[in-house]
Amino acid sequence: MTVMTTSQEPGWALRYPELFAGLSIEQRWSVHNTIANGVLEGWTPEPADIADLTALVRGDIDGDEAVRRSDARMAARFGARAQ
Numbered sequence: 034m035t036v037m038t039t040s041q042e043p044g045w046a047l048r049y050p051e052l053f054a055g056l057s058i059e060q061r062w063s064v065h066n067t068i069a070n071g072v073l074e075g076w077t078p079e080p081a082d083i084a085d086l087t088a089l090v091r092g093d094i095d096g097d098e099a100v101r102r103s104d105a106r107m108a109a110r111f112g113a114r115a116q
């Protein structure tokens, strides 16, 4: 059995290294686990979704801005404002 350690790079960080730049290994795992949980629930994240998650964790945007961006993406995808 393989034991994961926090020194290993998470899979989503390997897939999108430019989006995970500037995050500590703990922050990378936190974002990775958030994405993985969403995927298990049926979410298909796009790079913009991952960029906003990493920006939020990095402190580049606040929670309100993350929600505004997510709402805008949902409106663009589905033609109506997400509630």
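34 is the number of the first residue of the sequence shown in the working numbering; add one for each residue after it. Backbone N, C-alpha and C define an ideal beta-carbon position, used for all residues, glycine too. This structure is a prediction, so every number in the text was calculated from the model and none was measured.
Where the alpha helix (DSSP H) through residue i begins and ends
{"i": "glutamate 59", "result": "58-73"}
{"i": "aspartate 97", "result": "96-111"}
{"i": "alanine 3", "result": "In the structure as shown, the chain begins at 34 and stops at 116. Residue 3 is therefore absent and cannot be evaluated."}
{"i": "alanine 46", "result": "44-48"}
Cβ separation of residue i and residue j, assumed to be a contact under 8 Å, to the nearest whole Å
{"i": "proline 78", "j": "glycine 71", "result": "7 Å"}
{"i": "alanine 99", "j": "leucine 52", "result": "The Cβ separation is near 14 Å, so there is no contact."}
{"i": "leucine 56", "j": "threonine 87", "result": "6 Å"}
### Query
Counting Cβ pairs closer than 8 Å, one from the stretch 92-106 and one from the stretch 58-68, do we hit at least three?
no
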